[in-house]
Amino acid sequence: MYNTDSITTSQRRTVGCLIPARVKARTARYIKKQVLLNGTTGKVAFDDSGDRINAEYDIVNVQESHLVSVGQYYYNSVRYIIINKHLETILDESVIVWPGRSKVKPDGIIIPTHLKVLTIEEKPFVYVREINNLVENCTSDEIPCPHFNATGDEFNMFCCRGFCMDLLKELAKTINITYDLALSPDGQFGNQVMKNISSNNVYNPCVPVGGKKEWTGLIGELVYDRANMIVAPLTINPERAEVIEFSKPFKYQGITILEKKPSRSSTLVSFLQPFSNTLWILVMVSVHVVALVLYLLDRFSPFGRFKLANTDGTEEDALNLSSAIWFAWGVLLNSGIGTPRSFSARVLGMVWAGFAMIIVASYTANLAAFLVLERPKTKLTGINDARLRNTMENLTCATVKGSAVDMYFRRQVELSNMYRTMEANNYDTAEVAIRDVKNGKLMAFIWDSSRLEFEAAQDCELVTAGELFGRSGYGIGLTKNSPWADHVTLAILDFHESKIMTEKNT
Numbered sequence: 003m004y005n006t007d008s009i010t011t012s013q014r015r016t017v018g019c020l021i022p023a024r025v026k027a028r029t030a031r032y033i034k035k036q037v038l039l040n041g042t043t044g045k046v047a048f049d050d051s052g053d054r055i056n057a058e059y060d061i062v063n064v065q066e067s068h069l070v071s072v073g074q075y076y077y078n079s080v081r082y083i084i085i086n087k088h089l090e091t092i093l094d095e096s097v098i099v100w101p102g103r104s105k106v107k108p109d110g111i112i113i114p115t116h117l118k119v120l121t122i123e124e125k126p127f128v129y130v131r132e133i134n135n136l137v138e139n140c141t142s143d144e145i146p147c148p149h150f151n152a153t154g155d156e157f158n159m160f161c162c163r164g165f166c167m168d169l170l171k172e173l174a175k176t177i178n179i180t181y182d183l184a185l186s187p188d189g190q191f192g193n194q195v196m197k198n199i200s201s202n203n204v205y206n207p208c209v210p211v212g213g214k215k216e217w218t219g220l221i222g223e224l225v226y227d228r229a230n231m232i233v234a235p236l237t238i239n240p241e242r243a244e245v246i247e248f249s250k251p252f253k254y255q256g257i258t259i260l261e262k263k264p265s266r267s268s269t270l271v272s273f274l275q276p277f278s279n280t281l282w283i284l285v286m287v288s289v290h291v292v293a294l295v296l297y298l299l300d301r302f303s304p305f306g307r308f309k310l311a312n313t314d315g316t317e318e319d320a321l322n323l324s325s326a327i328w329f330a331w332g333v334l335l336n337s338g339i340g341t342p343r344s345f346s347a348r349v350l351g352m353v354w355a356g357f358a359m360i361i362v363a364s365y366t367a368n369l370a371a372f373l374v375l376e377r378p379k380t381k382l383t384g385i386n387d388a389r390l391r392n393t394m395e396n397l398t399c400a401t402v403k404g405s406a407v408d409m410y411f412r413r414q415v416e417l418s419n420m421y422r423t424m425e426a427n428n429y430d431t432a433e434v435a436i437r438d439v440k441n442g443k444l445m446a447f448i449w450d451s452s453r454l455e456f457e458a459a460q461d462c463e464l465v466t467a468g469e470l471f472g473r474s475g476y477g478i479g480l481t482k483n484s485p486w487a488d489h490v491t492l493a494i495l496d497f498h499e500s501k502i503m504t505e506k507n508t
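So for the sequence shown, this note's numbering puts the first residue at 3; every next one is plus one.
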């Protein structure tokens with residue numbers, strides 16, 4: 003062919019292919035015309051369709067570490083005339099040993115293409131809006147997601163939107179599925195709890211006989227085949243991975259701590275801190291009481307107001323009320339202004355001056371102590387902060403009951419003391435815990451970094467503390483051995499490579 007045809011390089015330099023289409027067609031025709039009589043597998047020749055003529059293959063079955071021929075796959079020219087196919091299969095199923103050493107042929111598996119998908123409200127991944135199903139419909143960027151009660155016979159209609167809903171739409175288009183979406187029946191991600199059953203099949207928490215662990219929430223719906231898939235910010239962890247399948251993570255995150263910004267006391271009234279409010283009031287009252295007594299003594303004292311007849315010199319003016327008040331304040335503030343005229347008033351003035359000296363000295367000493375020792379409350383430095391590790395500190399922290407964060411603390415031996423303290427404070431939902439942090443009822447809330455960073459960005463009074471710990475990822479949950487597990491994982495990886503995840507995050 004090289005000697006008879008001119009093979010030139012294509013002018014269109016496409017990646018991975020420099021041979022023009024006409025040369026490819028000639029090459030295929032040339033190969034079909036070749037005949038090799040003594041090949042390693044016998045005669046090698048091809049028909050017009052490109053199938054090998056006179057091809058014969060044995061179909062073998064592995065049995066007890068050796069191969070057993072159970073059929074043939076061969077070329078049949080007569081079959082091509084009837085059904086337009088050359089190759090035919092002959093198989094003796096009676097001698098086949100199937101997986102599990104079974105002699106019985108297993109039934110075929112029907113892969114469902116319409117799935118029941120569950121989700122849960124968790125900002126900013128899933129936003130939920132309740133609607134009146136009779137007069138309202140979901141918008142184009144929302145998906146109807148009813149919330150069924152425990153028995154499944156009643157429901158309230160909601161509309162769901164957010165990152166996870168956009169991911170579900172892309173996933174459905176990519177792997178070619180349809181779905182019905184619903185919210186978690188109990189509003190929980192899922193936890194393993196102990197169910198104690200008495201001998202008469204009535205639940206009794208005091209009877210441990212016959213007790214077994216059961217999964218609740220979203221995980222329980224998958225474990226007991228009441229759903230096919232979970233599309234939500236579902237943390238991948240060892241406990242859950244034992245009972246359900248996870249896709250590759252669609253988002254990586256960790257655990258962090260949410261707290262309210264430390265409050266700052268007003269600097270305008272900080273000078274009042276050395277004394278209590280009661281003491282300040284008493285000092286103010288004392289100033290005016292002393293001033294009034296000084297005025298009365300200086301005005302009506304018989305030895306100060308009236309002089310003897312043989313006394314020389316001019317008579318000093320007695321203090322009026324305003325001058326007495328000014329004198330009392332001047333002594334207190336170390337500013338000598340005027341003096342009483344009468345002896346009794348001067349004695350009272352000296353007593354008041356001594357009292358003022360003690361008050362001013364005490365105030366100065368206490369003010370210095372307050373300025374040096376009192377420091378503003380600092381934010382937490384992270385999970386290793388001594389205030390979190392020390393159970394004697396007056397600092398309450400919590401997470402969500404039965405969540406992945408709760409499971410993380412139970413696994414970490416070094417956090418066991420801290421977990422025993424916070425276990426009694428744990429909340430049912432993250433929404434309530436975040437609200438209590440805002441209100442000052444909860445000092446620190448430990449939860450997924452994605453949610454807490456979102457909350458801190460929305461409210462300037464909230465901050466996240468320290469570095470991330472317990473790093474993990476969010477994955478799509480499926481039933482154990484689900485035929486869709488590999489398809490979903492490949493789709494997630496494709497979304498990462500094609501930057502779809504980055505676009506959805508923004």
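Beta carbons are placed, not taken as given, at the ideal position from N, Cα and C, and that holds for glycine.
For residue i, which residues does DSSP report across the bridge?
i	result
tyrosine 476	Thr237, Lys253
asparagine 63	Val70
threonine 121	Leu185
tryptophan 449	Thr258
tryptophan 217	Gln194
histidine 562	Lying outside 3 to 508, the shown extent of the chain, residue 562 is not represented and no answer is given.
tyrosine 76	Glu58, Glu90
phenylalanine 150	Phe157
threonine 481	Ile246
tyrosine 226	Note: tyrosine 226 sits in no beta bridge, so no partner.
Quick check on DSSP: helix, strand or coil for residue i?
i	result
cysteine 162	strand
methionine 231	strand
valine 130	strand
serine 104	strand
glycine 44	strand
threonine 180	strand
valine 434	helix
phenylalanine 471	strand
alanine 1	Absent from the model: residue 1. The displayed extent of the chain is 3 to 508, so no value can be given.
glutamate 457	helix
asparagine 312	Residue placement at asparagine 312 cannot be trusted, given a pLDDT of 48 that sits under 50; what the coordinates show is reported in the next sentence. Coil at asparagine 312, not helix or strand.
valine 137	coil
asparagine 144	One detail in the question is off: residue 144 reads as glutamate in this sequence, not asparagine. Coil at glutamate 144, not helix or strand.
serine 201	Only weak support is given to the placement of serine 201: the predicted model assigns it a pLDDT of 45, under 50, and the value that follows is read from those uncertain coordinates. In this structure, serine 201 counts as coil in the three-state DSSP scheme.
proline 207	Below a pLDDT of 50, predicted positions are generally treated as unreliable, and proline 207, at 45, falls in that range; the measurement from the model is reported next regardless. Note: proline 207 maps to coil in three-state DSSP.
threonine 366	helix
threonine 466	strand
tyrosine 32	helix
leucine 38	strand
Taking C-beta to C-beta, are residue i and residue j nearer than 8 Å?
i	j	result
glutamate 144	alanine 234	no
methionine 196	leucine 480	no
valine 362	asparagine 336	yes
valine 130	leucine 185	yes
threonine 218	serine 451	no
alanine 406	threonine 237	yes
phenylalanine 329	leucine 296	yes
phenylalanine 497	proline 126	no
valine 490	leucine 173	yes
arginine 365	phenylalanine 277	Residue identity check: residue 365 is tyrosine in the sequence provided, not arginine. Yes, Cβ-Cβ distance for tyrosine 365 and phenylalanine 277 is below 8 Å.
glycine 222	threonine 431	no
valine 333	alanine 358	yes
glycine 468	isoleucine 385	yes
phenylalanine 160	asparagine 151	no
asparagine 427	threonine 466	no
alanine 435	alanine 459	no
tyrosine 75	isoleucine 55	no
Assuming residue i is part of the alpha helix (DSSP H), what are its boundary residues?
i	result
glutamate 505	502-507
glutamate 499	487-499
serine 278	Serine 278 -> no alpha helix (DSSP H), and no H or E assigned at all.
aspartate 408	406-413
glycine 332	323-334
serine 418	418-425
alanine 388	388-391
Along the chain, where does the beta strand (DSSP E) that runs through residue i open and close?
i	result
isoleucine 246	246-248
- Message: Tell me whether the region 410-427 and the region 286-304 touch, counting them as touching only if at least three CB pairs, one residue from each stretch, are closer than 8 Å.
- Response: no
- Message: Measuring CB atoms only, is the region 181-188 touching the region 112-129, in the sense that at least three cross pairs come out at less than 8 Å?
- Response: yes
- Query: Are the region 28-37 and the region 46-54 in contact at 8 Å, needing three or more beta carbon pairs?
  - Reply: yes
- Query: Is it true that the region 474-493 meets the region 244-253, where meeting means three or more beta-carbon pairs spaced less than 8 Å apart?
  - Reply: yes
- Item | Segment contact, 8 Å Cβ cut-off, at least three pairs: the region 443-450 with the region 249-257 | yes
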